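Worksheet: one structure, shown below.
2 protein chains.
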Amino acid sequence: MPFYEPTTKDIDFVLHDVLKVSEQDIPGFDELDRDFTGAVLEEAGKIARDVLAPLNTVGDHQGCKLDNGVVRVPEGFEDAVNVLRDGGWTGFDCDPEYGGQGMPYTLSIAVGEMHSSANMALMMYPGLTHGCYAAIHAHGTEEQKAKYLPNLVSFKWGGTMNLTEPQCGTDLGLIRTKAEPQEDGTYKLSGQKIWISAGEHEMAENIIHLVLAKIPGGPDGIKGISLFIVPKFMVNDDGSLGERNAVSCGGLESKMGIHGNATCVMNYDGATGYLIGDLHKGMRAMFTMMNEARLGVGMQGLAQASVAYQNALAFAKDRIQGRAVTGTKEPEKAADSIIHFPDVRRMLMDQKSFVEGGRAFMLWAATMIDRSRRNDDADAEGMVSLLIPVLKGFLTDKGLDATISSQQVYGGSGFTTEWGAEQFVRDCRIALIYEGTNGIQALDLVGRKLASDNGKHVMAFFELVKTFIKENADDERMAEFITPLKAASKDLQAAGMYFMQNAGKPDDALSGAADFMHLFGHVCLGLMWGQIAKASYAALDAGNCDTAFYESKLVTGRYYMTRKLPETAFLLQKVQAGGANVMGLDVANF
Amino acid sequence: MPFYEPTTKDIDFVLHDVLKVSEQDIPGFDELDRDFTGAVLEEAGKIARDVLAPLNTVGDHQGCKLDNGVVRVPEGFEDAVNVLRDGGWTGFDCDPEYGGQGMPYTLSIAVGEMHSSANMALMMYPGLTHGCYAAIHAHGTEEQKAKYLPNLVSFKWGGTMNLTEPQCGTDLGLIRTKAEPQEDGTYKLSGQKIWISAGEHEMAENIIHLVLAKIPGGPDGIKGISLFIVPKFMVNDDGSLGERNAVSCGGLESKMGIHGNATCVMNYDGATGYLIGDLHKGMRAMFTMMNEARLGVGMQGLAQASVAYQNALAFAKDRIQGRAVTGTKEPEKAADSIIHFPDVRRMLMDQKSFVEGGRAFMLWAATMIDRSRRNDDADAEGMVSLLIPVLKGFLTDKGLDATISSQQVYGGSGFTTEWGAEQFVRDCRIALIYEGTNGIQALDLVGRKLASDNGKHVMAFFELVKTFIKENADDERMAEFITPLKAASKDLQAAGMYFMQNAGKPDDALSGAADFMHLFGHVCLGLMWGQIAKASYAALDAGNCDTAFYESKLVTGRYYMTRKLPETAFLLQKVQAGGANVMGLDVANF
Numbered sequence: 001m002p003f004y005e006p007t008t009k010d011i012d013f014v015l016h017d018v019l020k021v022s023e024q025d026i027p028g029f030d031e032l033d034r035d036f037t038g039a040v041l042e043e044a045g046k047i048a049r050d051v052l053a054p055l056n057t058v059g060d061h062q063g064c065k066l067d068n069g070v071v072r073v074p075e076g077f078e079d080a081v082n083v084l085r086d087g088g089w090t091g092f093d094c095d096p097e098y099g100g101q102g103m104p105y106t107l108s109i110a111v112g113e114m115h116s117s118a119n120m121a122l123m124m125y126p127g128l129t130h131g132c133y134a135a136i137h138a139h140g141t142e143e144q145k146a147k148y149l150p151n152l153v154s155f156k157w158g159g160t161m162n163l164t165e166p167q168c169g170t171d172l173g174l175i176r177t178k179a180e181p182q183e184d185g186t187y188k189l190s191g192q193k194i195w196i197s198a199g200e201h202e203m204a205e206n207i208i209h210l211v212l213a214k215i216p217g218g219p220d221g222i223k224g225i226s227l228f229i230v231p232k233f234m235v236n237d238d239g240s241l242g243e244r245n246a247v248s249c250g251g252l253e254s255k256m257g258i259h260g261n262a263t264c265v266m267n268y269d270g271a272t273g274y275l276i277g278d279l280h281k282g283m284r285a286m287f288t289m290m291n292e293a294r295l296g297v298g299m300q301g302l303a304q305a306s307v308a309y310q311n312a313l314a315f316a317k318d319r320i321q322g323r324a325v326t327g328t329k330e331p332e333k334a335a336d337s338i339i340h341f342p343d344v345r346r347m348l349m350d351q352k353s354f355v356e357g358g359r360a361f362m363l364w365a366a367t368m369i370d371r372s373r374r375n376d377d378a379d380a381e382g383m384v385s386l387l388i389p390v391l392k393g394f395l396t397d398k399g400l401d402a403t404i405s406s407q408q409v410y411g412g413s414g415f416t417t418e419w420g421a422e423q424f425v426r427d428c429r430i431a432l433i434y435e436g437t438n439g440i441q442a443l444d445l446v447g448r449k450l451a452s453d454n455g456k457h458v459m460a461f462f463e464l465v466k467t468f469i470k471e472n473a474d475d476e477r478m479a480e481f482i483t484p485l486k487a488a489s490k491d492l493q494a495a496g497m498y499f500m501q502n503a504g505k506p507d508d509a510l511s512g513a514a515d516f517m518h519l520f521g522h523v524c525l526g527l528m529w530g531q532i533a534k535a536s537y538a539a540l541d542a543g544n545c546d547t548a549f550y551e552s553k554l555v556t557g558r559y560y561m562t563r564k565l566p567e568t569a570f571l572l573q574k575v576q577a578g579g580a581n582v583m584g585l586d587v588a589n590f
Numbered sequence: 001m002p003f004y005e006p007t008t009k010d011i012d013f014v015l016h017d018v019l020k021v022s023e024q025d026i027p028g029f030d031e032l033d034r035d036f037t038g039a040v041l042e043e044a045g046k047i048a049r050d051v052l053a054p055l056n057t058v059g060d061h062q063g064c065k066l067d068n069g070v071v072r073v074p075e076g077f078e079d080a081v082n083v084l085r086d087g088g089w090t091g092f093d094c095d096p097e098y099g100g101q102g103m104p105y106t107l108s109i110a111v112g113e114m115h116s117s118a119n120m121a122l123m124m125y126p127g128l129t130h131g132c133y134a135a136i137h138a139h140g141t142e143e144q145k146a147k148y149l150p151n152l153v154s155f156k157w158g159g160t161m162n163l164t165e166p167q168c169g170t171d172l173g174l175i176r177t178k179a180e181p182q183e184d185g186t187y188k189l190s191g192q193k194i195w196i197s198a199g200e201h202e203m204a205e206n207i208i209h210l211v212l213a214k215i216p217g218g219p220d221g222i223k224g225i226s227l228f229i230v231p232k233f234m235v236n237d238d239g240s241l242g243e244r245n246a247v248s249c250g251g252l253e254s255k256m257g258i259h260g261n262a263t264c265v266m267n268y269d270g271a272t273g274y275l276i277g278d279l280h281k282g283m284r285a286m287f288t289m290m291n292e293a294r295l296g297v298g299m300q301g302l303a304q305a306s307v308a309y310q311n312a313l314a315f316a317k318d319r320i321q322g323r324a325v326t327g328t329k330e331p332e333k334a335a336d337s338i339i340h341f342p343d344v345r346r347m348l349m350d351q352k353s354f355v356e357g358g359r360a361f362m363l364w365a366a367t368m369i370d371r372s373r374r375n376d377d378a379d380a381e382g383m384v385s386l387l388i389p390v391l392k393g394f395l396t397d398k399g400l401d402a403t404i405s406s407q408q409v410y411g412g413s414g415f416t417t418e419w420g421a422e423q424f425v426r427d428c429r430i431a432l433i434y435e436g437t438n439g440i441q442a443l444d445l446v447g448r449k450l451a452s453d454n455g456k457h458v459m460a461f462f463e464l465v466k467t468f469i470k471e472n473a474d475d476e477r478m479a480e481f482i483t484p485l486k487a488a489s490k491d492l493q494a495a496g497m498y499f500m501q502n503a504g505k506p507d508d509a510l511s512g513a514a515d516f517m518h519l520f521g522h523v524c525l526g527l528m529w530g531q532i533a534k535a536s537y538a539a540l541d542a543g544n545c546d547t548a549f550y551e552s553k554l555v556t557g558r559y560y561m562t563r564k565l566p567e568t569a570f571l572l573q574k575v576q577a578g579g580a581n582v583m584g585l586d587v588a589n590f
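So the sequence lines, in the order shown, correspond to chains A and B. Using full-length UniProt numbering, you'd call the opening residue of the first sequence number 1 and step up by one each time. Using full-length UniProt numbering, you'd call the opening residue of the second sequence number 1 and step up by one each time.
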């Protein structure tokens, strides 16, 4: 039976030793001292370990059931959601004006990682509700905000995002759901939406659906899409619930993982909806929170890798099999535990170096979102917008690799349901797909973000790396981090240069987009490991007595720098190979 | 609903254009002309497409059920097995003396690939039976052979291999199943075996279990293991079935994939068994057919990649979404099909170049097994023994990657059960684990095979690559294949050199074992693509009118040479990084 052990210590290290959050000049961050964040993380960690994690297998095995239009979630889910609600976790980073706790986004992501590690499927219910909250908060009228936000913040009501239809997901210009204007200013929505996470359940009194639809006679394609609020139960002016609206769950998707989450077919049969945001500007309204949403999915990839690694590590320490090649390590046992075998160690180090570096990357990006929001800092906004596709794509691609590698540590046990390793793989798998497939992330990165504001943000990123390299050039101990980072960063620049030189040949550029995204991700993790190493040396120099912790960071970082980061050269080579061989085969000849 | 389209055309190309099997000096291969193999493959392909493939989803959804000691297989499985039995496919490469068809192993692998693509779980029932047949054929007495083989060949009886116990899989020295000698020369076996594929079912009248067990008082560890034949029903001297033996299925494993195959807990409660092979030499007897067994698993990895690719390709041609960056490709549709997008094309080319190159590698290795068997050729035996861990590890690791990449092509549909892409991933996953995990393959390669016979076989492999390079050095058209192959081969030699120079430091060598296995695999596929290119140019030069087919091979090969093969430099770098960072972290500090 898998377990989850909170990663509070490592999060604390990243927040305070590496990112030094409480010293950052961001409103609200001054409160984030070690004591405060420690207390929050400890409490959040307990819920993760004791409340959410024990339901992860239950959720996977039971799944959700559609019973006469009503979705039954797995046993225990409602109680667990109540714990989150009662503790104020569902409104953790929400606006205090509507009952939220107003905590920095960065801290909410730290909490979110642990909760998502413990139970990804369950956390999607409040997760989607948060997305709905954020869109209404950004685009709703004062009246709409007053009407919906407090109950979304408290999770008294749930929320959903309705984009996909059977014929379109990525290309929303093809949607067919219609919104017919009524005389009273409302709309009647008709159509079918699919893959609606948390689309229907009874853990909340009401569900607020945000739905993309087209008003007949509007512009074609993406420019004619508007966003609507469609409540499951109509909301009276006094806030009480009225009649059931004409929206219903028409089916549950049978899927590879996240069985505990209800993935619904939603049917709109003349359902009453309210326009939110500007007419025909629905895409903009839906995607306002895109950075947060995509960071959240990257976080899921990392979170699954983290819990998978923990369990694989415990198995590797426990399982005995054969003797170490360098001689018996545990003579008291009939065989040595498999952690003594180099290939098992390699797999564990792959996972560990990814999880710890990825966590730093994620929390760093989160601080930039806070900075952009709280300081209205356009540079931070630009930089994080550039990094978001990298973060989403890299943390989920490599997160899946890590779950597969964790599963491999178990040998045959990893394939059985009993040990739970295979669930982490299946749950993690969706993170590469939803919220824009990783191919779409790569396209966004190369096709839009790289050149946005005349390349200002990518130049700022290079500058940041260069500054770090320069600052540490004279520290001999740092050479084993700085030298490979320099090489990797040079590869990234060369790849960027290739795109600039081939801007007129989009097939050449886009053929290498996924490789470029990985190249970029490696450089980000290389930079993080450099910063982690620096922070670790600083702690050791300062006489911090937890030497094992900091020295482990250095070993793990060296692993990343010597065995993972150098992939950048190969990735550059693929980028520079262009599109000829990728696009060379006629479609008819496949 | 997924489909399977037989790969007969490509197999035919590999057998005749690339490997020129009928010209090889191997007894029985002269029969393998194009007409003959074409007829066999066509028939086998029809069964794959029409009989086996339609049951693949059924098997996954229904799984097996244990009902009062009886295992119920999914609907339709028994009928399908009867088709294989009636067509003589279960004894296709078996000894004609016992009713087999005596076909070359190479051709049986070609057939096996298609059948395994169509339904991996179902094919494991005859697959395990074949393993049991092979062990009895190699080690049984004449009496045992006469008693068991004809019914195993015809699949009137099934067969199994019983190795793993709860406390041990990889390290069989730890097994506890006891075999107590009886006065009549038989043994009474007691113990529990787990993960026994096809351990119990009613598709055959009897099941012959091969069981590893220890005779009390024998040597400790691996040297005290013997192999026993334990029939489910006792077999009378006249061949009729007698009493039920004391062996029973105690449970079915719940697992990630291959749900259609019964993975059984087998309980031996004083079951009557017969020693097969020499006393205490059970490991040797069980593993005689290791090359074939491991090639068979590598084949499964390739087969799942092949069917996954086919389905992803069909989806990519059909699904419309957005417009191609270089301008509209299909103006008659509301959007272009996604195959026009470079990142989708990249994924498809990754899969295609792996599947086609891997197929050639697999069939080439199979010819060496035939050569070693039929010509008693020790060099062929040595070479294929060297390549088997590469083949098993590389084709399953990369096979899984290909299934995941195929799934990614579908976007959200890939995560749903309905489209079937996710089943290919789940089924393929086991191939990296069983028959020796891929870590064990890497260990076998670096720790044993590389240095076996004083490195004679690896030198022969290098010679073979060198000869191919030299033979084509003057052909300008071949330069784009030869140049990268030369570079990759140099990387492989350098990695081999590293191991030689660090033979005394096993942790250094074994830390890079998995990377070396991949490096070796790439060189094998590079060599195959070189040979495929040469064969394609030869066909084009000869005026073969199927120019599209051969030109497609060249494009696909160039893709592999420019975008996959160059990974060898990175893999070499990891090998040369040694063990310091891999083994540097104390176990206590993880």
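Don't be surprised by glycine CBs; every beta carbon is placed ideally from N, CA and C. Small disclaimer: the values here were computed from a predicted structure and weren't measured.
Are B/Ser-190 and B/Gly-270 close, meaning C-beta to C-beta below 8 Å? Cβ atoms of B/Ser-190 and B/Gly-270: closer than 8 Å.
A/Tyr-4 - DSSP class collapsed to helix/strand/coil: Three-state result, A/Tyr-4: coil.
Looking only at its chain, what residues have a beta carbon closer than 8 Å to the beta carbon of B/Arg-49, apart from the 5 residues adjacent to it on each side? Excluding residues within five positions, the ones whose Cβ falls inside 8 Å are Phe-3, Tyr-4, Glu-5, Pro-6, Ala-118.
Option nearest A/Gly-277 by Cα separation, candidates A/Gly-298, A/Ile-229, A/Gly-239: By alpha-carbon distance to A/Gly-277, the top candidate from A/Gly-298, A/Ile-229, A/Gly-239 is A/Ile-229.
Starting from the N-terminal side, write out each stretch of the alpha helix (DSSP H) that is 4 residues or longer and does not extend beyond the stretch 276-306 of chain B. Counting only runs of 4 or more, we get 282-286.
Determine the burial state of A/Val-18: buried for a count of at least 16 other Cβ atoms within 10 Å of its Cβ, exposed for fewer. With 16 or more Cβ atoms within 10 Å of its Cβ, A/Val-18 is classed as buried.
Got a sec: which bits of the stretch 491-516 of chain B sit with their beta carbon under 9 Å from any beta carbon on chain A, in order along the chain? Within the stretch 491-516 of chain B, contact with chain A at the beta-carbon level (separation under 9 Å) is assigned to Lys-505, Pro-506, Asp-507, Asp-508, Ala-509, Leu-510, Ser-511, Gly-512, Ala-513, Ala-514, Asp-515.
Using CA atoms only, rank isn't needed, just tell me which of B/Asn-151, B/Arg-284, B/Ala-324 is closest to A/Ser-511. Among B/Asn-151, B/Arg-284, B/Ala-324, the Cα nearest to that of A/Ser-511 is on B/Ala-324.
At a cut of 8 Å, does the stretch 117-134 of chain A reach the stretch 164-183 of chain A through at least three beta carbon pairs? Output reads no: the stretch 164-183 of chain A does not touch the stretch 117-134 of chain A.
Whole beta strand (DSSP E) elements within the UniProt domain "Acyl-CoA oxidase/dehydrogenase middle" (161-269) of chain B, 3-residue minimum: Fully enclosed beta strand (DSSP E) runs of 3 or longer: 178-181, 187-197, 206-214, 225-231, 233-235, 241-244, 247-252.
Mind checking the stretch 411-438 of chain B against chain A and listing, in chain order, the residues whose C-beta falls within less than 8 Å of any C-beta there? Look at the stretch 411-438 of chain B: the residues with a C-beta under 8 Å from a C-beta of chain A are Gly-411, Gly-412, Gly-414, Phe-415, Thr-416, Thr-417, Glu-418, Glu-422, Val-425, Arg-426, Arg-429, Ile-430, Leu-432, Ile-433, Tyr-434, Thr-437, Asn-438.
How many angstroms separate the CA atom of A/Ala-431 from the CA atom of A/Ala-303? Distance between the alpha carbons of A/Ala-431 and A/Ala-303 is about 11 Å.
Is A/Val-325 helix, strand or coil when you go by DSSP? Residue state for A/Val-325 is assigned as coil, using DSSP reduced to three classes.
Expected contact under 8 Å - CB spacing of A/Leu-313 and B/Phe-590 to nearest Å: About 6 Å separates the beta carbon of A/Leu-313 from that of B/Phe-590, a gap short enough to meet the 8 Å contact definition.
Can you round the beta-carbon distance between B/Ala-285 and B/His-522 to whole angstroms, since I take them to be within the 8 Å contact cut? Between B/Ala-285 and B/His-522 the beta-carbon gap is near 35 Å, outside 8 Å, which marks them as no contact.
One question on the structure: do B/Gln-408 and B/Gly-414 come within less than 8 Å of each other, judged by their Cβ atoms? Taking 8 Å as the Cβ cut-off, B/Gln-408 and B/Gly-414 qualify as a contacting pair.
Under 7 Å Cβ-Cβ, which residues of chain A neighbour B/Glu-253? Simply Thr-416.
Considering only the beta carbon of each residue, do A/Leu-572 and A/Ala-495 sit closer than 8 Å? In contact: A/Leu-572 and A/Ala-495 (Cβ atoms closer than 8 Å).
Can you tell me which of the three DSSP states B/Gly-393 falls into? Reduced to three states, the DSSP call for B/Gly-393 is helix.
Given that a residue counts as buried once 16 or more other Cβ atoms are within 10 Å of its Cβ, and exposed if not, what is B/Asn-544? A residue is called buried once 16 or more other Cβ atoms fall within 10 Å of its Cβ, and B/Asn-544, having fewer, is exposed.
When the cut-off is 8 Å and only beta carbons count, does A/Gly-584 lie next to chain B? Among the residues facing chain B, A/Gly-584 is included, as its CB has a counterpart in that chain under 8 Å away.
B/Val-58: beta carbon under 7 Å from a heavy atom of the ligand GDP? The ligand GDP is absent from the structure shown, which contains no ligand whatsoever.
Option in B/Pro-331, B/Leu-275, B/Phe-341, B/Leu-348 with minimal Cα separation from B/Tyr-309: Here the closest residue by C-alpha is B/Leu-348.
Buried versus exposed call for B/Asp-401 [16 or more other C-beta atoms within 10 Å across all chains shown]: Of the other Cβ atoms in all chains shown, 16 or more fall within 10 Å of the Cβ of B/Asp-401; this residue is therefore buried.
The stretch 81-106 of chain A: which residues have C-beta closer than 8 Å to a C-beta of chain B, in chain order? Along the stretch 81-106 of chain A, there is no position whose C-beta sits under 8 Å from a C-beta of chain B.
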